[in-house]
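Have a look at the structure below before the remarks.
There are 2 protein chains.
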Amino acid sequence: MSESVPRISIRDAAAHAGATVEIAGWLYNLRRSGKICFPLLRDGTGIIQCVAVKNQLDEALFEALKDLTQESSLIVRGRIRAEHRAPGGYELDVEGAEILQRVPESDPYPITPKEHGVDFLMDHRHLWLRSRRQHAILGVRHEVIRAIRDYFDSNGFTLVDTPIFTPAACEGTTTLFEVDYFEGEKVYLTQSGQLYNEANAMAFGKVYCFGPTFRAEKSKTRRHLTEFWMVEPEMAYANLEDVKRVAEELIVFVTGRVLERRRTELTELERDISKLEAIRAPFPRISYDEAVERLKQKGSEITWGGDFGGADETLLSEDYDRPVMVDRYPAQVKAFYFQPDAQRPEVVLGVDVLAPEGYGEIVGGGQRIHDLDLLLRRLEEHKLPREAFEWYLDLRKYGSVPHAGFGMGVERFVAWMCGLEHIRETIAYPRMIYRTRP
Amino acid sequence: MSESVPRISIRDAAAHAGATVEIAGWLYNLRRSGKICFPLLRDGTGIIQCVAVKNQLDEALFEALKDLTQESSLIVRGRIRAEHRAPGGYELDVEGAEILQRVPESDPYPITPKEHGVDFLMDHRHLWLRSRRQHAILGVRHEVIRAIRDYFDSNGFTLVDTPIFTPAACEGTTTLFEVDYFEGEKVYLTQSGQLYNEANAMAFGKVYCFGPTFRAEKSKTRRHLTEFWMVEPEMAYANLEDVKRVAEELIVFVTGRVLERRRTELTELERDISKLEAIRAPFPRISYDEAVERLKQKGSEITWGGDFGGADETLLSEDYDRPVMVDRYPAQVKAFYFQPDAQRPEVVLGVDVLAPEGYGEIVGGGQRIHDLDLLLRRLEEHKLPREAFEWYLDLRKYGSVPHAGFGMGVERFVAWMCGLEHIRETIAYPRMIYRTRP
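Sequences listed follow chains X and S, in order.
Note that the numbering used here numbers the first sequence so that position 18 is 764, with each residue one more than the last.
Note that the numbering used here numbers the second sequence so that position 271 is 1017, with each residue one more than the last.
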């Protein structure tokens, strides 16, 4: 708009206090008061209140600003002024403006400050993302992802992306999405990079993969998406205790980062920050046996040998102010590749980490079978075709070592950080059984 | 193995010179010389030569080490000693060892130092990753991905993951993979996050997505994978010049990081490092018109209005020691959403960046149409169903602004950094028309 005036982002307003700047954005809201109006401008990095005074502006411009409609696009020029009553601490005194597009009254921006139903908002997800609350959630998501990567990159893990197209199933085929490959060939979308991770750990020592994973589950719960992002580390020469240690370190590190860098977003979401400040090592560690006993005392119907449901997880976590680690599950509730406990072969060296406040399982992992014969027996017991796993068996033939790892789902973690009821708001374009648009 | 001896990674050997340590890994190679043998140990972070002397060790242990087979797993204890003739600068004098699994001669590790065919190696990709060369390539890949994310995270871009399951096609349906969703519904795997990125840029100002993308192309060239990773930034209030500036900055930044942190890997790959050191701003900028003229002079059959083939890209890039930016392509060779040049509506404000040394297009992008009526005309001209694009049209109704962005494919970038003939080695588990395993 003007050569000499710097274009700034709203988040950098403080650094330009007293200076005349240009901000390019959209009208978030507007208050009028006779000869003065207060356009609230958003630019994707923040929101700032502008002050437009009639007798200081070109009359046509003032009238245009005063009548501006929600989400109209405009570039404002003016002076940044400290204002302790303003939410961000600064306001902008308007000296000029260019309106790029005025949204007409005849076809107004569909999302108004009034209440809308969830289906309506989800149908307008491409616009809904502009609202303060969705903005805050996705800001937290960005920080969580960045912190996860920083943790692994700084701790000697090599990122090795595992494939999305996979020929075989990791844990059965009923929840797999099938893809038409070329000439009638069928492939499946990955549910987990773990099997590949195990090969990569034998090559790199410590690895992680981090990408989208897919589950064709017909569940319609508030904890399920058909497409979600997962980070999965895997370590050679490692055991169940290493998994617990790394998972604990990771969770503490990521939570710390969110608290340090996304306090504004947490406040916007009215998150009880004290709940997150309590997330410190050491996390409580209990066995599956102990967990079952506690659940029975709390009135759950669970019996030894069964898997926990969502309600059980909530009951277990309510005793703690931080995540609780439950280990040594019965072999029959875990996948075929879990290493059995040498002292008690009916349980396996697996661990789940349950978030507090009823957010359920955020980490699942453990030690893998490294003995070839035992793995062969397990494939048979689970009626899995040996042929599809030949390459996986190779890892037990050529320099097999004890190894272990885990998976952590991004969306559940973000839901917990943000204190959300439903996981659907933790990803920009959620995919659920009845939701594939926009 | 031993409580008091620290377990270290080979890459940290220097910090432990003179100390007794433990290293857990695999036998990479072995030399014998009478009463002394030299196991070459790899642990995923490096390779170190160990020195085992017969009369300093338990006899059975010495014999076991001397007869050890490739890729057997073992933990070695010994003293780190500086040795300027050793590749890493250090050796380990063996004091003890525990062999976890000896690979038997009857079923030896299949990848030997002799030459193997590509199909054989690709069938054994889960093991091939252990070799020095593959290890180096994936190390460079890790650094490229980390540097890309650091660049965007440090320059005000918000990461907003775009969906993998998409209802509509970005650029036609012929190269789309179809997925069976629930109850007979069909969805498609994303080819690009761009359309969603545009919505996200209107919410966050500057965004990027970074994930796997899919193309069901029947091409069997050395530049094509069916599954590959792509980073795509998008900026509101931005134009073609902004795209060039950001792409140039990004490429210079990432190349600098690879040179700074992965020199060992580049040396292992026998990469001509001077070629990468030449990658500095400013990159040459030419128009499509100029490119066509040059190609004609160089003997290409191209005529104005045609798209460049791989051979044309190579011819164009051979004049430069750094990437060349070619802009303002004929509208008919670019997608429907490109903004036309106001002065010459037959060309669009798109730019491709061609890597030197014949590595082809590494970046493609430009300015998008922000006018609703023009976009509607384009949808019609391209025979695209308006209904599927209603949400995309919304972005032109509610506060439309000029905006621009680009995509950069990770695998081509890594191939260029590493100086590779074929793109298939730049990803752990490449997927091509005839390759979906392991």
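Glycine included, C-beta positions come from ideal geometry on N, C-alpha and C.
It is roughly 22 Å from the alpha-carbon of valine 1147 of chain S to the alpha-carbon of glutamate 1092 of chain S. S:Ile826 is the residue among S:Leu811, S:Ile826, S:Leu1141 whose C-alpha sits nearest the C-alpha of arginine 757 of chain S. About 7 Å separates the Cβ atoms of proline 854 of chain S and glutamine 816 of chain S, confirming a contact at the 8 Å cut-off. Ranked by how close their Cα comes to the Cα of glutamine 1085 of chain X, the residues X:Val925, X:Gln1113, X:Leu1118 have X:Gln1113 in first place. At least one beta carbon of chain X lies nearer than 8 Å to the beta carbon of lysine 1143 of chain S.
Taking the C-beta atoms as reference points, glycine 842 of chain S is found nearer than 8 Å to arginine 823 of chain S.
Sequence-distant partners of glutamate 1011 of chain S (beyond 5 residues in either direction) whose C-beta falls short of 6 Å from its own C-beta, in its chain, are Ala882, Gly885, Val886. The bridge partners DSSP lists for leucine 905 of chain S are S:Tyr954. Interface with chain X (8 Å Cβ-Cβ cutoff): phenylalanine 999 of chain S is excluded. Taken through DSSP and simplified to helix, strand or coil, aspartate 926 of chain S comes out as strand. Comparing alpha carbon positions, the residue from X:Met868, X:Thr766, X:Gln847, X:Leu846 closest to histidine 1168 of chain X is X:Met868. Residue-level contact check: leucine 811 of chain X does not touch chain S, since none of the beta carbons of chain S fall below 8 Å from its beta carbon. Put simply, the CB of isoleucine 1108 of chain X is far from chain S, with every gap to its CB atoms at 8 Å or more.
Residue X:Glu929 holds the alpha-carbon nearest to the alpha-carbon of methionine 1178 of chain S among X:Glu929, X:Val1099, X:Arg1003. In chain order, Tyr1144 make up the part of chain X whose C-beta sits under 7 Å from the C-beta of tyrosine 855 of chain S. A check of alpha carbon separations from arginine 778 of chain S across S:Val797, S:Lys1080, S:Tyr897, S:Arg1031 identifies S:Val797 as the nearest. Residue-level contact by beta carbon fails for glutamine 940 of chain X and chain S, as no gap is shorter than 8 Å.
For the 8 Å CB-CB criterion, glycine 1056 of chain S and arginine 969 of chain S form a contact. A Cβ-Cβ contact shorter than 8 Å links leucine 873 of chain X with tyrosine 1144 of chain S. Here glycine 1165 of chain S is actually not in contact with proline 958 of chain X; their C-beta atoms are around 31 Å apart, not less than 8 Å. For the C-beta of proline 909 of chain X, the chain S residues within less than 7 Å are, from N- to C-terminus, Glu973, Tyr1175, Arg1177. Given a length threshold of 4 residues, each whole run of the alpha helix (DSSP H) inside the region 1045-1088 of chain S is given here in chain order: 1056-1063. In terms of beta-carbon proximity, histidine 881 of chain S lines the interface with chain X, with at least one pair separated by less than 8 Å. Residue-level contact check: methionine 948 of chain S touches chain X, since one or more beta carbons of chain X fall below 8 Å from its beta carbon. For chain X, the residues of the region 784-818 of chain S that bring a beta carbon within less than 7 Å of one of its beta carbons are Asp789, Gly790, Thr791, Glu817, Ser818, in chain order. Fewer than three beta-carbon pairs drawn from the region 1104-1118 of chain S and the region 999-1014 of chain S are found closer than 8 Å, and the two stretches are therefore not classed as touching. Interface with chain X (8 Å Cβ-Cβ cutoff): glycine 842 of chain S is excluded. Residue-level contact by beta carbon fails for isoleucine 1169 of chain S and chain X, as no gap is shorter than 8 Å. Residues of the same chain with a CB within less than 7 Å of the CB of leucine 1125 of chain S, apart from the 5 flanking positions on each side, are Phe1082, Arg1132, Phe1135 in chain order. Neighbours of isoleucine 754 of chain X in chain S, taken as residues at a C-beta separation under 7 Å, are lacking, since the least C-beta distance is about 11 Å. Valine 1094 of chain X sits in a strand when the DSSP states are folded into three classes. Taking 8 Å as the CB threshold, tyrosine 897 of chain X stays off the interface with chain S. About 6 Å separates the beta carbons of valine 1160 of chain S and valine 890 of chain S, which is inside the 8 Å limit, making them a contact pair. Neighbours of glycine 885 of chain S across chain X, judged by C-beta separation under 8 Å: Thr904.
Between the C-alpha atoms of serine 1033 of chain X and alanine 1027 of chain X there is a straight-line separation of about 18 Å.
When 7 Å is used as the limit between beta carbons, glutamine 847 of chain S is near these residues of chain X: Gly1145, Ser1146, in chain order.
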